[in-house]
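Note that my numbering numbers the sequence shown so that position 84 is 653, with each residue one more than the last. Don't be surprised by glycine CBs; every beta carbon is placed ideally from N, CA and C. What follows is one structure encoded as structure tokens, with my remarks underneath.
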Amino acid sequence: MFSYVSDRAKDGVLEVQEYVNLCLAAIRAAFSRPYYHHDIVEQFEEIGVRSLTVVLLTGFFTGAVLALNTGITLDQFGARDFVGRLISASMVKELGPVLTGLMLAGRVGSGIAAELGS
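Structure representation (structure tokens):
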């Protein structure tokens with residue numbers, strides 16, 4: 570019994586140690602020669618700036634559909650004044666980050682896969 574717990578604790582400590590070593594190696598590599606500043610800026614532009622259109626269009630149309638459906642439902646209860654507040658809160662807190670993550674993962678992931686394949 571004690572041997573099993575001891576082995577599991579050792580395995581856990583070794584996993585943490587490997588993770589810390591990986592993080593330290595990544596930090597060391599970021600500040601050592603050769604520097605790839607141009608490549609990093611290029612990837613920032615590809616991942617962030619060029620994905621902005623897709624993310625904004627997805628968010629806009631999702632918010633419009635959500636506002637339309639919520640407005641119809643809240644109109645039945647006489648609470649149509651709360652549509653804007655409800656949609657803005659739900660898009661900023663819940664739906665916006667999820668949609669942004671999905672759109673970025675899809676667009677950037679497919680771009681990287683195509684780059685590796687060619």
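A direct Cα-to-Cα measurement between G680 and R649 gives close to 42 Å.
Under the DSSP assignment, E615 falls outside any alpha helix (DSSP H); it carries neither an H nor an E label.
Counting C-beta atoms within 10 angstroms of its own C-beta, I641 has fewer than 16 neighbours from the protein chains shown and is therefore classed as exposed.
For the pair G628 and L593, the CB atoms are not nearer than the 8 Å cut-off.
In this structure, the alpha-carbon of L583 lies about 51 Å from that of G653. Here DSSP, grouped into helix, strand and coil, assigns Y605 to coil. Burial state of I656 is buried, judged by a 10 Å Cβ sphere holding 16 or more other Cβ atoms.
Taking 8 Å as the cut-off, the Cβ atoms of F630 and L643 do not count as close. Where S572 is concerned, the enclosing alpha helix (DSSP H) starts and stops at F571 to A599.
A straight-line Cα-Cα distance of about 33 Å links S601 and K579.
Counted as a single uninterrupted DSSP element, the alpha helix (DSSP H) harbouring F630 occupies residues L621 to Q645. Where L685 is concerned, the enclosing alpha helix (DSSP H) starts and stops at G665 to G686.
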